[in-house]
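Enquirer:
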Amino acid sequence: MHPTTSARTPGPAAEVVTRLRALLAAARPGWPGRALYALASLPIGALSLALYVALLGSVFAVIYGVGLLLVLLVLATIRGFGGVERQLAGILLGVDVPVGERVRHQPGVIRKVRRLVQSAGTWRAVGWLGARVLMGAATLATLFFGGLAFAYLGWGADWNALTALPLLALMAAVVGLTLAVLDLLVRLAATVAPRLLGTSPEQQIAALQQSTRRLADRTKLARDLHDTIGHALTASLLQATAARRTLTPHDDRPLQPDFARQALGHIETNTRTALAELDRVLTVLRASDSGAEDGGRNPAPFAAPSLADLDDLLAGLRDGGLPVALVVDGEVDDVPPGVQELAYRVVQEGTTNVLRHAGCPLTVAQVARTGDVLVVRVCNERASHLDSRPGPGGGRGLAGLRERTAAAGGTLSAEPSPSGGFELCVTLPLSGAA
Amino acid sequence: MSLRLLLVDDDVLVRSGLRVILESEPDLTVVGDAGTGREALDAAARTDPDVVLMDVRMPDMDGIAATAELVARDPRRPRVLVLTTFEDDDYLFRSLQAGASGFALKRSDPDELVDAIRVVARGTSLVLPDLTRRLIASHAPSRARGAAALPELTGREADVLRLVAGGLSNAEIAGRMHLSRETVKTHVSGVLLKLGARDRTQAVIAAYESGFMTA
Chain F
457 MHPTTSARTP
467 GPAAEVVTRL
477 RALLAAARPG
487 WPGRALYALA
497 SLPIGALSLA
507 LYVALLGSVF
517 AVIYGVGLLL
527 VLLVLATIRG
537 FGGVERQLAG
547 ILLGVDVPVG
557 ERVRHQPGVI
567 RKVRRLVQSA
577 GTWRAVGWLG
587 ARVLMGAATL
597 ATLFFGGLAF
607 AYLGWGADWN
617 ALTALPLLAL
627 MAAVVGLTLA
637 VLDLLVRLAA
647 TVAPRLLGTS
657 PEQQIAALQQ
667 STRRLADRTK
677 LARDLHDTIG
687 HALTASLLQA
697 TAARRTLTPH
707 DDRPLQPDFA
717 RQALGHIETN
727 TRTALAELDR
737 VLTVLRASDS
747 GAEDGGRNPA
757 PFAAPSLADL
767 DDLLAGLRDG
777 GLPVALVVDG
787 EVDDVPPGVQ
797 ELAYRVVQEG
807 TTNVLRHAGC
817 PLTVAQVART
827 GDVLVVRVCN
837 ERASHLDSRP
847 GPGGGRGLAG
857 LRERTAAAGG
867 TLSAEPSPSG
877 GFELCVTLPL
887 SGAA
Chain X
9 MSLRLLLVDD
19 DVLVRSGLRV
29 ILESEPDLTV
39 VGDAGTGREA
49 LDAAARTDPD
59 VVLMDVRMPD
69 MDGIAATAEL
79 VARDPRRPRV
89 LVLTTFEDDD
99 YLFRSLQAGA
109 SGFALKRSDP
119 DELVDAIRVV
129 ARGTSLVLPD
139 LTRRLIASHA
149 PSRARGAAAL
159 PELTGREADV
169 LRLVAGGLSN
179 AEIAGRMHLS
189 RETVKTHVSG
199 VLLKLGARDR
209 TQAVIAAYES
219 GFMTA
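As structure tokens, then:
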């Protein structure tokens with residue numbers, strides 16, 4: 457009706473494709489899809505046979521010294537053909553075939569070639585080709601003999617009043633049998649397709665494990681960000697907002713430069729800690745990024761902080777004005793990574809809390825191993841802070857630490873020390889912990 | 009008549025910052041602070057605040073448990089405004105379910121925060137109506153208790169509840185239904201009474217959980 461309508465009409469080719477798509481979509485479940493699939497077996501079977509001949513031919517060509525290139529070309533074509541088959545099975549049979557590893561995602565020609573030849577997927581696709589040839593032949597034979605029997609019964613037999621009924625029944629039986637055999641073939645293909653065209657169960661399990669691991673890492677990273685950077689920024693924001701108010705003259709409100717000065721000190725410390733944590737998180741993210749370039753097959757292990765990172769942590773705190781010493785007793789190099797990370801977190805939380813709640817008193821972080829037990833202790837002298845407030849303090853991070861310590865089978869205590877300072881002490885078992 | 013506030017947060021810096029910000033408002037007085045949920049219960053009993061600003065994650069009883077305990081003691085006061093660092097849906101919904109009247113982000117503008125406190129104290133509209141409604145709508149249906157849980161409302165009351173659940177304030181409802189604010193207030197009180205809800209946030213939760221409102 458509108459002149460613009462004709463302008464938007466797609467070309468005939470696009471229209472055909474659209475109609476075919478609609479047809480395929482309509483055929484998706486149930487018997488129409490299977491019938492189409494069975495019919496498609498004939499040309500696809502012929503194509504598979506041709507590919508087989510090409511593969512054998514190219515192998516002979518290699519023997520005669522013509523070159524490897526031809527084999528690779530045919531193999532790549534077979535893999536590509538496998539992809540088309542995967543989609544066909546998905547559309548017509550509703551079989552969800554998981555995509556295996558992608559050779560074309562490999563970096564560099566040499567690695568592509570190596571994966572192409574080494575990948576079990578390639579050779580399974582060759583196997584699938586064989587299955588397709590057999591299926592095409594079986595479909596052809598079924599249709600041929602079915603048609604032959606039908607034609608013979610229709611035109612060759614002696615039809616009269618007495619034989620008409622049995623002959624009709626026989627013809628129906630022939631049609632039924634033909635359809636049943638075709639259906640059986642299609643069902644067989646549907647069962648085999650995921651195994652030959654998709655990933656093997658081992659690969660699937662490995663992929664699943666890997667994605668689970670990544671998810672766990674990301675959740676952990678998110679929690680760390682929440683507990684450290686999110687927390688530090690919130691506190692800094694509120695301190696900054698408050699400080700600005702105390703420096704802004706307003707009616708009868710007195711100016712409080714002391715509060716503002718203190719607030720700036722807190723903001724400084726919090727920001728420094730947050731930046732250190734951000735640095736660590738970014739290192740982790742960069743490490744897992746470079747792992748992903750490896751085709752995702754060998755992701756870099758999650759670079760959790762270890763006891764070796766304590767020196768850097770405490771150096772940063774010393775820059776921030778906290779006089780803190782680190783004492784390590786016993787052999788700690790072979791402490792499991794999980795325990796090392798937890799121990800690092802204990803020291804991090806303990807020392808940050810000292811800064812946050814007590815100002816800059818003399819502080820000692822101690823990591824001691826005796827046999828199968830690791831003791832991590834952070835204790836400080838009497839608080840020098842104006843706003844000091846012993847008690848459980850720290851909290852958010854401490855609550856998280858308590859959970860994680862309990863999960864690792866350890867114990868945590870956080871209490872004022874007899875000397876008027878504060879002591880955080882965590883005991884972790886080394887056996888049975890990861 | 010100034011509002012009495014109790015600050016509950018495990019971080020002393022958050023508390024001291026909030027205290028300065030809130031005390032600079034003439035109609036707000038900070039009557040106490042606490043670093044854990046358990047301390048908050050003691051402080052609330054001691055200071056009798058109108059509104060408790062409650063952090064969610066704390067050691068020694070978190071904000072959700074402390075809110076539930078405060079509500080169990082006295083359903084009318086104090087009202088609880090949950091303060092959160094992040095819009096962590098699950099925590100927020102659980103704190104509303106526990107009886108909090110609303111929530112605000114710690115990073116929100118001081119004026120917004122002060123507004124939220126006044127709104128919670130007045131109870132004539134939801135805090136962050138859109139966010140709250142979406143939060144409840146997305147969480148409540150999965151825990152539906154069935155329509156039987158909602159008692160008989162008159163036609164007027166049902167209309168009012170629908171608008172309350174839509175996040176409208178009393179004044180907005182009055183405009184929409186061509187009623188006086190006093191009449192709307194009466195209807196809202198009637199709805200709250202019938203639902204056994206202490207405030208409109210709880211009424212919205214009941215409306216969604218019963219299937220009266222659908223997401």
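As you go down the protein sequences, you meet chains F and X in turn.
Count along the first sequence from 1, then add 456; that gives the number in my numbering.
Count along the second sequence from 1, then add 8; that gives the number in my numbering.
Note that CB positions come from ideal geometry on N, CA and C, so glycine has one too.
Keep in mind the model is a prediction, meaning the values are calculated, not measured.
1. Excluding the five sequence neighbours on either side, which residues of its own chain have a C-beta within less than 8 Å of the C-beta of Gly586(F), listed in chain order?
2. Under the assumption that Ala646(F) contacts Val551(F) (Cβ atoms under 8 Å), give the Cβ distance between them as a whole number of angstroms.
3. Quick one: list the residues of chain X neighbouring Thr697(F), beta-carbon separation under 7 Å, in chain order.
4. I'd like to know if Leu54(X) contacts chain F, where contact means its C-beta is closer than 8 Å to some C-beta of that chain.
5. Please return the same chain residues whose Cβ sits closer than 6 Å to the Cβ of Leu169(X), not counting the five positions on each side in sequence.
6. So the candidates are Arg81(X), Asp123(X), Leu134(X), Val122(X); which of them puts its Cα closest to the Cα of Leu104(X)?
7. Listing by chain order, which chain X residues have their CB less than 7 Å from the CB of Leu529(F)?
8. With 7 Å as the limit, tell me which residues of the stretch 55-71 of chain X have their beta carbon closer than that to any beta carbon of chain F; keep them in chain order.
9. Just the C-alpha distance for Pro137(X) and Leu572(F), rounded to the nearest angstrom, thanks.
10. Quick one: does Leu694(F) have its CB under 8 Å from some CB of chain X?
11. In chain order, what residues of the stretch 86-117 of chain X put their CB closer than 7 Å to some CB of chain F?
12. Given a threshold of 16 other Cβ atoms within 10 Å of its Cβ, counted over all protein chains shown, does Pro86(X) qualify as buried or as exposed?
13. Terminal residues of the continuous beta strand (DSSP E) containing Asp768(F)?
14. Give a yes or no on whether the minimum CB-CB distance between Met221(X) and chain F is below 8 Å.
15. Is Glu541(F) helix, strand or coil by DSSP?
16. DSSP has Phe825(F) in a bridge; who is on the other side?
17. Determine the closest residue to Ala799(F) out of Gly777(F), Arg812(F), Ala864(F), Leu738(F), with distance taken between C-alpha atoms.
18. Along the chain, where does the alpha helix (DSSP H) that runs through Ser255(X) open and close?
19. Step through the CB atoms of chain F and report whether any lies within less than 8 Å of the CB of Val16(X).
20. Cα separation between Val122(X) and Gly40(X)?
21. With burial defined as no fewer than 16 other Cβ atoms inside 10 Å of the residue's Cβ, what is the status of Tyr608(F): buried or exposed?
22. Who does His706(F) pair with in a DSSP beta bridge?
23. So who's on the other strand from Arg164(X), going by DSSP bridges?
24. Taking 8 Å as the CB-CB limit, is Gly876(F) close to chain X?
25. With a threshold of 8 Å between beta-carbons, can Val38(X) be considered close to chain F, or not?
26. Between Arg701(F) and chain X, is any beta-carbon pair separated by less than 8 Å?
27. Based on Cα-Cα distance, which residue from Trp584(F), Phe601(F), Ile685(F) lies nearest to Leu644(F)?
28. Where do the N-terminal and C-terminal ends of the beta strand (DSSP E) with Val59(X) fall, by residue?
29. Residue range of the beta strand (DSSP E) that Ser197(X) falls in?
30. As a quick exercise: from Ala688(F), Pro705(F), Glu733(F), pick the residue whose alpha carbon is nearest that of Ile723(F).
31. Check Thr867(F) in the structure and name its three-state DSSP category.
32. Give me the Cα-Cα distance between Arg892(F) and Leu78(X), rounded to the nearest whole angstrom.
33. Could you name the residues of the same chain whose beta carbon sits closer than 6 Å to that of Glu879(F), not counting the 5 residues immediately before and after it, in chain order?
34. Going by beta-carbon coordinates alone, are Ala166(X) and Met221(X) separated by less than 8 Å?
35. Would you please state the rounded distance, in angstroms, between the beta carbons of Arg27(X) and Leu15(X)? I believe it to be under 8 Å.
36. Just by C-beta distance, which residues in the stretch 787-817 of chain F are closer than 9 Å to chain X?
Expert: Looking at the coordinates:
1. Translated into the one-based positions of the first sequence, residue 586(F) becomes position 130. Once the five neighbours on either side are set aside, the close Cβ partners of Gly586(F) are Ser504, Tyr508.
2. For the purposes of this step, residue 646(F) is taken as residue 190 along the first sequence, with counting starting at 1. For the purposes of this step, residue 551(F) is taken as residue 95 along the first sequence, with counting starting at 1. The pair is a contact, with the Cβ atoms about 5 Å apart (cut-off 8 Å).
3. Locating residue 697(F) in the first sequence gives position 241, where the first residue counts as 1. Chain X residues near Thr697(F): Gly25, Ile29, Pro118.
4. Sequence index remark: in the second sequence, residue 54(X) carries index 46 (1-based). One detail in the question is off: residue 54(X) reads as Arg in this sequence, not Leu. So no, Arg54(X) is outside the interface.
5. Counting from 1 along the second sequence, the entry for residue 169(X) is found at position 161. Excluding residues within five positions, the ones whose Cβ falls inside 6 Å are Val199, Ala215.
6. What you label residue 104(X) is simply residue 96 of the second sequence in a count that begins at 1. Per the Cα distances, Leu134(X).
7. The sequence position of residue 529(F) within the first sequence is 73, counting from 1. Neighbours of Leu529(F) on chain X: none; closest Cβ ~53 Å, over 7 Å.
8. Arg65, Met66, Pro67, Asp68
9. In the second sequence, residue 137(X) corresponds to position 129, counting from 1. In the first sequence, residue 572(F) corresponds to position 116, counting from 1. Answer to the nearest angstrom: the Cα atoms are 58 Å apart.
10. In the first sequence, residue 694(F) corresponds to position 238, counting from 1. For Leu694(F), the answer is yes, since a Cβ of chain X falls inside 8 Å of its Cβ.
11. Thr93, Phe94, Lys114, Arg115
12. As a working note, residue 86(X) is residue 78 in the second sequence. Looking at its Cβ environment, which holds 16 or more other Cβ atoms inside 10 Å, Pro86(X) is buried.
13. Taking the first residue of the first sequence as 1, we reach residue 768(F) at position 312. That residue, Asp768(F), is in no beta strand (DSSP E); its alpha helix (DSSP H) goes 766-775.
14. Within the second sequence, numbered from 1, the residue matching residue 221(X) stands at position 213. Not one chain F Cβ lies under 8 Å of Met221(X).
15. To locate residue 541(F), count along the first sequence from 1; it is residue 85. In this structure, Glu541(F) counts as helix in the three-state DSSP scheme.
16. Mapped onto the first sequence, residue 825(F) falls at position 369. The question names Phe, but residue 825(F) is Arg in the sequence shown. Note: Arg825(F) sits in a beta bridge opposite Leu830(F).
17. Locating residue 799(F) in the first sequence gives position 343, where the first residue counts as 1. When each option's Cα is compared against that of Ala799(F), the closest is Ala864(F).
18. Because residue 255(X) is not part of the residues shown, which for chain X are 9 to 223, the question remains open.
19. Along the second sequence, read from residue 1 onward, the residue named residue 16(X) stands at position 8. Not one chain F Cβ lies under 8 Å of Val16(X).
20. Within the second sequence, numbered from 1, the residue matching residue 122(X) stands at position 114. Within the second sequence, numbered from 1, the residue matching residue 40(X) stands at position 32. Val122(X) and Gly40(X): Cα-Cα distance of roughly 17 Å.
21. As a working mapping, residue 608(F) is identified with position 152 in the first sequence. Tyr608(F) should be labelled exposed.
22. Residue numbering aside, residue 706(F) sits at position 250 when the first sequence is read from its first letter. For His706(F), which the question treats as bridged, DSSP gives the partners Arg709(F).
23. Taking the first residue of the second sequence as 1, we reach residue 164(X) at position 156. DSSP, once it has assigned bridges, lists no residue as partnering Arg164(X).
24. Sequence index remark: in the first sequence, residue 876(F) carries index 420 (1-based). Answer no: the Cβ-Cβ gap between Gly876(F) and chain X never drops below 8 Å.
25. On the second sequence, position 30 is the one that residue 38(X) refers to. With 8 Å as the cut-off, Val38(X) does not count as an interface residue toward chain F.
26. Within the first sequence, the letter at position 245 stands for residue 701(F). So yes, Arg701(F) belongs to the interface.
27. Indexing the first sequence from 1 puts residue 644(F) at position 188. Out of Trp584(F), Phe601(F), Ile685(F), Trp584(F) has the C-alpha closest to the C-alpha of Leu644(F).
28. Here residue 59(X) refers to the residue found at position 51 when the second sequence is read from its first residue. Counting along the chain, the beta strand (DSSP E) containing Val59(X) begins and ends at 59-63.
29. Position 189 of the second sequence holds residue 197(X). Careful: Ser197(X) lies outside any beta strand (DSSP E), inside the alpha helix (DSSP H) at 189-203.
30. Reading the first sequence from its first residue, position 267 is the one you call residue 723(F). Nearest option by C-alpha distance: Ala688(F).
31. Working through the first sequence from its first residue, we reach residue 867(F) at position 411. If DSSP states are grouped into helix, strand and coil, Thr867(F) belongs with the strands.
32. Residue 892(F) falls outside the range modelled here, since chain F spans only 457 to 890, and no answer is possible.
33. Numbered from 1 along the first sequence, position 423 holds the residue referred to as residue 879(F). Cβ within range, chain order: Cys835, Ser873.
34. Here residue 166(X) refers to the residue found at position 158 when the second sequence is read from its first residue. Here residue 221(X) refers to the residue found at position 213 when the second sequence is read from its first residue. No, the pair does not count as a contact, with Cβ atoms beyond the cut-off.
35. Taking the first residue of the second sequence as position 1, residue 27(X) is located at position 19. Taking the first residue of the second sequence as position 1, residue 15(X) is located at position 7. Yes, Arg27(X) and Leu15(X) are in contact; Cβ-Cβ is about 6 Å, under 8 Å.
36. Arg812, His813
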